[in-house]
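**Q** The structure follows.
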Amino acid sequence: MKKTYVLDKLTARVTLELVLHGLDCAEDSPVYEEFAEEFHRIYPKAEKMIRPVGMLGFGELPEQIPAEEFPAGTKVLYGVLSIGEELSSASTKAFAEGDYVQGMLYNAIADAALFSLEQDMARYLREICEEHHVGIRKRLEAPQDIPMEIQKEVWECLNLKNSLDIDITCGYMLYPVKTSCLVFVLDAEEEMFEVQHDCSRCQRTDCRHRNISDLTLQIINEAGNSEIRCRKGSSLLEVLVQNGFHPDSPCGGTGRCGKCKVKIINGRANITAADEACFSAQELQEGWRLACRLVPEQNMTVFVPKEQTYQILETGVLQDKNEKTECAPEEMKQETEASCFNVAIDIGTTTLVFQLLDGRSGKVLHTVSMLNRQRTFGADVISRIQAANAGKLDGLSKAIRTDLRNGMQKLLDESDVNGTKIRRIAIGANTTMIHLLLGYDCSTLGVYPFEAVTLSMLNMNWTELVGGDTSCHAETVIFPGFSAFVGGDIVSGLYACGFDEKEEPALLIDLGTNGEMALGNRNHLLVTSTAAGPAFEGGNISCGTGSVAGAVCSVTLEKKVAQIKTLWNKPPVGICGTGVVELMAELVREEVVDETGLLEEEYFEDGFPVAETAEGKTLVFTQGDIRELQLAKAAVRAGIEILLKRYGVCKEQVTEVYVAGGFGHGLNKDKAIAIGMLPKEFREKITVVGNSCVAGLGRFLQEGSEEAVYTLVKNAEEINLAMDAEFQNCYMEAMMFETDTDE
Amino acid sequence: MAAQIINEISEFLQKGKAKNVKTLVEEALQQGIDPKDILNDGLLSAMMIVGGKFKRNEVFVPEVLVAARAMNAGLAILEPHLVEAGNEPKGKVVIGTVKGDMHDIGKNLVSMMLKGAGFEIYDLGTDVDAEVLIGKAEEVGADIICMSALLTTTMPYMQTVIDVLKEKGLRSKYVVMVGGAPVNEEFANKIGADYYTPDAATAAEVARKAVENK
Chain U
1 MKKTYVLDKL TARVTLELVL HGLDCAEDSP VYEEFAEEFH RIYPKAEKMI RPVGMLGFGE
61 LPEQIPAEEF PAGTKVLYGV LSIGEELSSA STKAFAEGDY VQGMLYNAIA DAALFSLEQD
121 MARYLREICE EHHVGIRKRL EAPQDIPMEI QKEVWECLNL KNSLDIDITC GYMLYPVKTS
181 CLVFVLDAEE EMFEVQHDCS RCQRTDCRHR NISDLTLQII NEAGNSEIRC RKGSSLLEVL
241 VQNGFHPDSP CGGTGRCGKC KVKIINGRAN ITAADEACFS AQELQEGWRL ACRLVPEQNM
301 TVFVPKEQTY QILETGVLQD KNEKTECAPE EMKQETEASC FNVAIDIGTT TLVFQLLDGR
361 SGKVLHTVSM LNRQRTFGAD VISRIQAANA GKLDGLSKAI RTDLRNGMQK LLDESDVNGT
421 KIRRIAIGAN TTMIHLLLGY DCSTLGVYPF EAVTLSMLNM NWTELVGGDT SCHAETVIFP
481 GFSAFVGGDI VSGLYACGFD EKEEPALLID LGTNGEMALG NRNHLLVTST AAGPAFEGGN
541 ISCGTGSVAG AVCSVTLEKK VAQIKTLWNK PPVGICGTGV VELMAELVRE EVVDETGLLE
601 EEYFEDGFPV AETAEGKTLV FTQGDIRELQ LAKAAVRAGI EILLKRYGVC KEQVTEVYVA
661 GGFGHGLNKD KAIAIGMLPK EFREKITVVG NSCVAGLGRF LQEGSEEAVY TLVKNAEEIN
721 LAMDAEFQNC YMEAMMFETD TDE
Chain R
1001 MAAQIINEIS EFLQKGKAKN VKTLVEEALQ QGIDPKDILN DGLLSAMMIV GGKFKRNEVF
1061 VPEVLVAARA MNAGLAILEP HLVEAGNEPK GKVVIGTVKG DMHDIGKNLV SMMLKGAGFE
1121 IYDLGTDVDA EVLIGKAEEV GADIICMSAL LTTTMPYMQT VIDVLKEKGL RSKYVVMVGG
1181 APVNEEFANK IGADYYTPDA ATAAEVARKA VENK
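Chains as they are written, first to last, in the numbering used here: chain U, 1 to 743; chain R, 1001 to 1214.
So, in structure tokens, the structure goes:
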């Protein structure tokens, strides 16, 4: 068995709260805002300077160093953590230049980072203790528990100079400055695990992090058990997120969606109003609570259920001048002798898609997709803007950069391609996603006149953008956007569908939460965002769900009895967007609803039954759900009508209608028309294009015409529907259903 | 008129408004006010007030930092005029963290506050040798030598520095101030230092008095 362990998976977790608290900067201080802003400004830089390293190694207390009740020869584990010297040097330099605020902030960030590494170290300690069948009786720190000289012993025992390039001064201080040295006294009793810093014994009585009331939480989830330490005052959801868990929280932790369920195994937690609205009496008694409402007051053990898994749309349909080339999904991974590659990345609000493309032919070689971990801050763009404005910008920015690094690594690993072979990367995303990625202030995005910090095409180096250690240093392009509401992903979608070359007007509709659409040709484009809402993704629908296994995606009614199909043919768990649309169309056809959308009396109270889950629960479609869908489909239809009006063309003059978005892929055209979402005049012209963003990026990487992209943006004009009186009227009318069937 | 604008400078400095301090200092100069008055009554006295508030826990480190930053902003404008007017600093200070010790934040804050008290500072950084510290003091004709130590294992080096001063017959030439978490008045007396101060604001006050009495 090993004697020393290098800890290679260490993550520093720094929050604004921790740093400002460490500086004695209270929220009501007149300089709080300024410090918070400065923190957000410099944190991305500071983060890059944090290089966490650590080691654990077995040893014995030496003869000459007295340590309270432990004699020489006592078996111990020595632990060392460091964040490197870069950040401290930056702090010193800032002070020397008279930039005191920056100097102090850098230092406070460094302290917070170093302190936070102990969480990861605790995990390693657990593993090592289990492997060696020992427990930890006590934690000793110099100089309060054991003389400084022990650091020399540790330095020699773990060979710190060679292993981690850590020096020691004649005063027994380890260098870099931000290095901590810990001695864990071992015990035969395996259950013991006293590893926490004991503030009450620490001599740094002026330390702002001094907290005798720290809590220890045991978290049980699919992956096993973990122990995390937190301060009182944060919600359990915040603590989980800070510690690398991803509980579902589409509403961003505001207590509205009921998805962040956890079960208290051990410990007490009050029942909040939100808990009561979400759980049955039985469930409450069993200990179920919403993590976002739960603020732990004492140590507890909590079970965190598995997160929903999503089926992600990865394909795009790329049209080039002569032929339609359909890009096949993952199965078409190819061994290739290509000497260079390009990568297209679609950063969606909910999912990210990475595509590896052959540098010469442009063919899609491999695709990787994953959920955007920002979803823990909120499912939609507005929640995330609000979170960013509330001080979480750095967390959001870090989240997406981490996902980009991981996604790229996965793409490269799975295709067995070296990062150095990537020539160029293109990124398409809506304007908010770009702001969060680059750490730009979002405060103007959500309020009139809705200004973005920048909408230009941006060029930079991949490592500059995402940080971290990577072999890929490719030139990266971020697609320009039209406005705060209509971003680079739509520009890319238009480019994919060849709008830069069209002479006749065509329409692109992105059916997602934002419901962006664009109408026009190469000379003139009108764009808008209809803010259709989450109904198309199963949001706000009582039995709604995302595109997960078992989601009801297709419905036919036979004499008012629903015949359904589910995703992956699994037992029904909920109704997803396409299922909602199809169900609605059927309800209209069989006249279970009238033209205003009012449900027949029989179903009015309890909803229309759709399917039964494996647990025997009936999935229903309620009057409330119908109203939600009406809002969404009316927004899309009215958006189309207004665009046509403002552009000055009629439906017959539109040559092509492209329907994009994850939802758009499974869409039944006839049913979408039947509920009035799309005009019937479009029936023969609809092309479902799937993920048009990634397809457009691919075309760009292949043909590389920045000018064509710029022209698209330049020739576009945005219409703000919310301010349009005619839109309101159109919107009202579009809510209705046509109950006479004349096909 | 003069009093009013100087008052405004002082107010803004205390609030940490660097831009306002800059603008007003420029204005004051244009009005023909003596740069030394702007310095003493506008900037230095304002910093003293901030220091006093800090000691009484009425404001904390962040507020002090922005005030010091505002002062620097004003000082930058004032500097060339002060040189022209033949202004002398209140005194010269050589400061460093002793050999074997790499901590620097506390020392940096003391430097900041001493500068805010009108001193000329020579900050030698960390891990400073006795010879280097004393050498610099001799070179610039310092009034005060400040030492910082954050560890019980490095504190004794302060004694070494004082011993070297004595050996060279230089002890009475300098005021020796010490500080740092494990240091206290008892230790300071034991090693023969002149003053122990527990925080940067006190250090500035004591330094100021020390040179006045010299």
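Glycine included, each C-beta is placed from N, C-alpha and C at the ideal position. None of the values given here were measured: they were computed from a predicted structure.
1. Please list, in chain order, the chain R residues whose beta carbon lies closer than 7 angstroms to that of U:Y175.
2. Exposed or buried, which one is U:Q563 when buried takes at least 16 other CB atoms within 10 Å?
3. Between R:I1105 and chain U, is the shortest Cβ-Cβ distance under 9 angstroms, so that the two count as touching?
4. Quick one, are the C-beta atoms of U:G481 and U:I434 less than 9 angstroms apart?
5. Look at the alpha carbon of U:K333 and the alpha carbon of U:E414, and state the distance between them as a whole number of angstroms.
6. Alpha carbon to alpha carbon, what distance is there between R:D1163 and U:L10?
7. Can you list, in chain order, the residues of its chain whose CB lies under 6 angstroms from that of R:T1197, leaving out five sequence neighbours each side?
8. Going by C-alpha to C-alpha distance, which of U:T420, U:I264, U:Q298, U:E38 sits closest to U:C340?
9. Which word fits U:K604, buried or exposed, when buried means at least 16 other C-beta atoms lie within 10 angstroms of its C-beta?
10. Assign U:D394 to buried or exposed, taking buried as 16 or more other Cβ atoms, counted over all protein chains shown, within 10 Å of its Cβ.
11. DSSP state of U:T92, grouped into three classes?
12. Applying a beta-carbon distance threshold of less than 7 angstroms, which residues of chain U neighbour R:L1170?
13. Between U:S82 and chain R, is any beta-carbon pair separated by less than 9 angstroms?
14. Kindly provide the ranges of any beta strand (DSSP E) runs that are 3 or more residues long and lie completely inside the segment 589 to 628 of chain U, ordered along the chain.
15. For a test of the three-state rule: what should DSSP assign to U:C181, helix, strand or coil?
16. Just checking, does the segment 436 to 452 of chain U make contact with the segment 467 to 477 of chain U on the three C-beta pairs under 8 angstroms criterion?
17. Applying the 10 Å Cβ sphere with the 16-neighbour rule, what's the burial state of U:T367?
18. Taking C-alpha atoms, which residue in U:E297, U:Q285, U:V304, U:N299 lies nearest to U:A796?
19. I need the DSSP call for U:T470, collapsed to helix, strand or coil.
20. Would you say U:V588 and U:V353 are within 9 angstroms of each other, going by their C-beta atoms?
21. Output the distance between the C-alpha atoms of R:K1136 and U:S226, rounded to the nearest integer angstrom.
22. The alpha helix (DSSP H) spanning U:Y32 covers which residue range?
23. Please classify U:S235 as buried or exposed, where buried requires at least 16 neighbouring CB atoms within 10 angstroms.
24. Using a cut-off of 7 angstroms between C-beta atoms, extract the partners of R:N1072 located in chain U.
25. Can you grab the Cα-Cα spacing for the pair U:N729 / U:V486, in whole Å?
26. Should U:A12 and U:I50 be called a contact, given that it needs their Cβ atoms to be closer than 9 angstroms?
27. Is the Cβ-Cβ distance between U:G577 and U:L678 less than 9 angstroms?
28. Identify the residues that DSSP records as bridge partners of U:E149: which are they?
29. Give, in chain order, every unbroken run of the alpha helix (DSSP H) that is at least 4 residues long and sits entirely within the segment 103 to 135 of chain U.
30. Measuring CA to CA, which of R:Q1030, R:V1094, R:A1201 is closest to R:H1081?
31. Pick helix, strand or coil for U:G577, following the three-state DSSP scheme.
32. Tell me whether the beta-carbon of U:L215 lies closer than 9 angstroms to the beta-carbon of U:K232.
33. Measure the Cβ-Cβ separation of U:P534 and U:T513 and say whether it is below 9 angstroms.
34. Using DSSP with H/G/I as helix, E/B as strand and the rest coil, what is U:C442?
35. I'd like to know whether the C-beta atoms of U:N418 and U:S361 end up nearer to each other than 9 angstroms.
36. Is it right to say R:E1079 is buried, meaning 16 or more other beta carbons lie within 10 angstroms of its own, or is it exposed?
**A** The structure says:
1. If you number the first sequence from 1, residue 175 of chain U lands on position 175. Per Cβ cutoff of 7 angstroms: M1102.
2. Walking along the first sequence from the start, residue 563 of chain U turns up at place 563. Counting Cβ neighbours within 10 Å, U:Q563 comes out exposed, since fewer than 16 surround it.
3. By 1-based counting over the second sequence, the position of residue 1105 of chain R is 105. Interface residue, yes.
4. Numbered from 1 along the first sequence, position 481 holds the residue referred to as residue 481 of chain U. Numbered from 1 along the first sequence, position 434 holds the residue referred to as residue 434 of chain U. Cβ atoms of U:G481 and U:I434: closer than 9 angstroms.
5. The count along the first sequence starts at 1 and reaches residue 333 of chain U at position 333. The count along the first sequence starts at 1 and reaches residue 414 of chain U at position 414. Model confidence at U:K333 stands at a pLDDT of 42, short of 50, so the residue's coordinates are unreliable and nothing is read from them.
6. Position 10 of the first sequence, counting from 1, holds the residue named residue 10 of chain U. Position 163 of the second sequence, counting from 1, holds the residue named residue 1163 of chain R. Rounded to the nearest angstrom, the two C-alpha atoms are 46 angstroms apart.
7. Within the second sequence, the letter at position 197 stands for residue 1197 of chain R. Taken in chain order, the residues that qualify are G1179, A1203, V1206.
8. For the purposes of this step, residue 340 of chain U is taken as the residue at position 340 of the first sequence. The residue with the shortest Cα to Cα distance from U:C340 is U:T420.
9. Residue mapping note: residue 604 of chain U aligns to position 604 of the first sequence, counting from 1. Contrary to the premise, residue 604 of chain U reads as Phe rather than Lys in this sequence. Burial call: exposed.
10. Counting from 1 along the first sequence, the entry for residue 394 of chain U is found at position 394. Its Cβ being crowded by 16 or more others within 10 Å, U:D394 is buried.
11. Position 92 of the first sequence, counted from the start, is the residue given in the question as residue 92 of chain U. Helix, per DSSP.
12. Position 170 of the second sequence, counted from the first residue, corresponds to residue 1170 of chain R. What R:L1170 touches in chain U: nothing, since even the nearest Cβ is about 24 angstroms away.
13. Start at 1 with the first residue of the first sequence, and residue 82 of chain U comes out as number 82. Chain R contact via Cβ: absent.
14. 608 to 612, 618 to 621
15. Taking the first sequence and counting its residues from 1, the one referred to as residue 181 of chain U is at position 181. Looking at U:C181 - three-state DSSP - the assignment turns out to be strand.
16. no
17. Taking the first residue of the first sequence as position 1, residue 367 of chain U is located at position 367. So U:T367 ends up on the buried side.
18. The question about residue 796 of chain U has no answer here: the residues shown for chain U are numbered 1 through 743.
19. Along the first sequence, read from residue 1 onward, the residue named residue 470 of chain U stands at position 470. Of the three classes helix, strand and coil, the one that applies to U:T470 here is coil, per DSSP.
20. Locating residue 588 of chain U in the first sequence gives position 588, counting from the first residue. Locating residue 353 of chain U in the first sequence gives position 353, counting from the first residue. No, these two residues do not count as a Cβ contact at 9 angstroms.
21. Here residue 1136 of chain R is taken as the residue at index 136 of the second sequence, counted from 1. Here residue 226 of chain U is taken as the residue at index 226 of the first sequence, counted from 1. Going from the Cα of R:K1136 to the Cα of U:S226 covers about 55 angstroms.
22. Walking along the first sequence from the start, residue 32 of chain U turns up at place 32. Taken as a continuous stretch (DSSP letters only), the alpha helix (DSSP H) holding U:Y32 covers 32 to 48.
23. By one-based count along the first sequence, residue 235 of chain U stands at place 235. Buried: at least 16 other Cβ atoms inside 10 Å.
24. Mapped onto the second sequence, residue 1072 of chain R falls at position 72. Near R:N1072 (Cβ distances below 7 angstroms), the residues of chain U are G98.
25. On the first sequence, position 729 is the one that residue 729 of chain U refers to. On the first sequence, position 486 is the one that residue 486 of chain U refers to. Taking the straight line joining both Cα atoms gives about 23 angstroms.
26. By one-based count along the first sequence, residue 12 of chain U stands at place 12. By one-based count along the first sequence, residue 50 of chain U stands at place 50. Yes, these two residues count as a Cβ contact at 9 angstroms.
27. Position 577 of the first sequence, counted from the first residue, corresponds to residue 577 of chain U. Position 678 of the first sequence, counted from the first residue, corresponds to residue 678 of chain U. No, they are not a contact pair.
28. Your numbering for residue 149 of chain U matches position 149 in the first sequence. Looking at the DSSP assignment, U:E149 forms no beta bridge with any residue, so it has no partner.
29. none
30. On the second sequence, residue 1081 of chain R is found 81 positions in, with the first residue counted as 1. For the residues R:Q1030, R:V1094, R:A1201, the minimum Cα distance to R:H1081 belongs to R:Q1030.
31. Counting from one through the first sequence, the residue named residue 577 of chain U turns up at place 577. Reduced to three states, the DSSP call for U:G577 is helix.
32. Here residue 215 of chain U corresponds to residue number 215 of the first sequence, with the count starting at 1. Here residue 232 of chain U corresponds to residue number 232 of the first sequence, with the count starting at 1. Yes, the Cβ-Cβ distance between U:L215 and U:K232 is below 9 angstroms.
33. For this step, residue 534 of chain U is matched to residue 534 along the first sequence. For this step, residue 513 of chain U is matched to residue 513 along the first sequence. Yes; because the gap between Cβ atoms is below 9 angstroms, this pair is in contact.
34. Here residue 442 of chain U is taken as the residue at index 442 of the first sequence, counted from 1. Coil at U:C442, not helix or strand.
35. Here residue 418 of chain U refers to the residue found at position 418 of the first sequence. Here residue 361 of chain U refers to the residue found at position 361 of the first sequence. No, Cβ-Cβ distance for U:N418 and U:S361 is not below 9 angstroms.
36. As a working mapping, residue 1079 of chain R is identified with position 79 in the second sequence. With fewer than 16 other Cβ atoms within 10 Å, it is exposed.
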